[in-house]
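Single-structure report; data block below.
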Amino acid sequence: MFQVIISILAILLILVILMLYLMVRFMIGKRKAELQWQRASIQKIGGFGATKSLEILPLIDWYSNTKYLKGEAGISYLIKTDKNSILFDVGFNAKQSNPSPLLHNMKQLGIAIDDFDIIVISHNHLDHVGGMKWQRKKSFSLTNHQIDLKKKSIYTPIPISYPGLNPICTENPTVIANGVATIGTIPNHDFFLGWIAEQALAVNVEGKGIVLIVGCGHQTLPKIVERAETLFEEPIYGIIGGLHYPVTDSRIRIMGIKIQKYVGICRLPWRPITMNVVQANIDFLKKRNPGVVGLSAHDSCDSSITAFRNAFPSTYKEIKVGERIAIGSGE
Ligand SMILES: [Zn+2]
Ligand SMILES: [Zn+2]
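The working numbering puts the sequence shown at residues 1 to 331.
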């Protein structure tokens, strides 16, 4: 009996020490992220070109309209401009299957590896780099093994490796193609996951403005928009992708726990994201009068998606695997 009590006390002590460590790390990390944000000297990107048409084809996201295409709690979008095709993130592949849901969907949609020339990784999280295995290795993979990507240009938010290729770390805002730039990393700190450096893409659509394409959105919507407004002369026209609003539900569950409500929110886990936060972000975005808005369901609940859909009734775009979102001359 005495030994049992000692064991329970030891476990409690370890948990208290762990929580204290996480608390201190979180407070230091949040302060560091905020200082980096405030001190970043952002030079304006002018004259980086424009595209007449922009097409975003979700290859991986939570929802899919047909049983022939697989949905999962990750992101991979094929982005087409007048001159380039860019693969933005490479999905989750939670079961590390081959073909992965990404390769499966690509085949169903008639898309080959040769159909894009650039890969951009938003951040090193398992649902964006093709699984935990690749996150741990600071690499990425389109299926359960790394296939030959030939001579593609790769842009990553932190130093990431890929066999035979030299990915370019775009910590700072960088033009990567005509009318396409990464807005550079905006850091944040998560209580459990630690430091997160995430980048978003900006595409300049002729006559309309900047369309932002986002992975998980750990940077927070206001900072993504403010960074883009500092960087570009053109107005913000829209935002498409993940913004991490798991208020009532979580797509990823571990032993029944709605994990995204507590992990990845970059807040104290006992102060999760509420509908008030979502509404404040919607109000912030409304002031820009965007022409296109689409929220990924991979890290947001249906309640948040409904709030966005209702707030932008004429401009909201559903994000579903296989359903093209066309902006510009292709609309
Ligand atoms: Zn994500
Ligand atoms: Zn993430």
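Idealized CB from N, CA, C, for every residue including glycine.
Considering only heavy atoms of ligand 3, does any lie closer than 7 Å to the CB of residue i?
i	result
residue 194	In the structure on display, ligand 3 does not appear, and the ligands it does have are ligand 1 and ligand 2.
What does a CB cutoff of less than 8 Å around residue i pick up in its chain, not counting 5 residues either side in sequence?
i	result
residue 352	Since the displayed the chain opens at 1 and closes at 331, residue 352 lies outside it and no answer follows.
residue 336	The chain is shown only over 1 to 331; residue 336 falls outside these bounds and no answer can be derived.
Over the uninterrupted beta strand (DSSP E) stretch that includes residue i, give me the two end residues.
i	result
residue 195	194 to 205
residue 242	Unbroken run through residue 242: none, as it is neither H nor E.
residue 155	153 to 156
residue 128	Run containing residue 128: none in the beta strand (DSSP E); it sits in the alpha helix (DSSP H), 126 to 129.
residue 88	85 to 88
residue 101	Premise fails: residue 101 lies in the alpha helix (DSSP H), 101 to 108, not in any beta strand (DSSP E).
Using only alpha-carbon positions, find the residue among the options that is nearest to residue i.
i	options	result
residue 119	305, 208, 250 and 166	166
residue 35	66, 60, 175 and 188	188
residue 345	93, 97, 152 and 9	Absent from the model: residue 345. The displayed extent of the chain is 1 to 331, so no value can be given.
residue 205	99, 13, 326 and 77	326
residue 83	30, 98 and 51	51
residue 105	77, 132 and 186	77
residue 268	194, 256, 53 and 307	194
residue 230	255, 257, 43 and 48	43
residue 180	59, 54 and 299	54
residue 271	6, 247 and 285	247
residue 274	300, 257, 284 and 208	300
residue 215	129, 135 and 162	129
residue 162	171, 38 and 150	150
Between the C-alpha atoms of residue i and residue j, what's the straight-line distance to the nearest angstrom?
i	j	result
residue 155	residue 168	5 Å
residue 127	residue 46	33 Å
residue 85	residue 201	13 Å
residue 304	residue 143	30 Å
residue 191	residue 297	22 Å
residue 323	residue 88	16 Å
residue 186	residue 241	16 Å
residue 101	residue 148	18 Å
residue 384	residue 1	With the chain represented from 1 up to 331, any question about residue 384 goes unanswered, as that position is not in the structure.
residue 314	residue 12	53 Å
Just reading off the alpha helix (DSSP H) that residue i is part of, what are its end residues?
i	result
residue 148	No alpha helix (DSSP H) holds residue 148; DSSP gives it neither H nor E.
residue 184	No alpha helix (DSSP H) contains residue 184, which is instead part of the beta strand (DSSP E) from 180 to 190.
residue 304	302 to 311
residue 285	275 to 286
residue 80	Looking at the DSSP string, residue 80 is not in any alpha helix (DSSP H); the run it does join, the beta strand (DSSP E), is 76 to 80.
residue 18	2 to 39
How about residue i and residue j: are their beta carbons less than 8 Å apart?
i	j	result
residue 81	residue 203	yes
residue 245	residue 278	yes
residue 292	residue 175	no
residue 157	residue 197	yes
residue 56	residue 28	no
residue 207	residue 243	no
Please return the same chain residues whose Cβ sits closer than 7 Å to the Cβ of residue i, not counting the five positions on each side in sequence.
i	result
residue 160	121, 124, 138, 139, 140 and 167
residue 108	68 and 69
residue 282	307, 308 and 311
residue 96	131, 133 and 144
residue 173	42, 45, 181, 182, 183, 184 and 231
Can you give me the Cβ contacts of residue i inside the same chain, cut-off strictly under 6 Å, excluding the 5 residues immediately before and after it?
i	result
residue 63	71, 297 and 320
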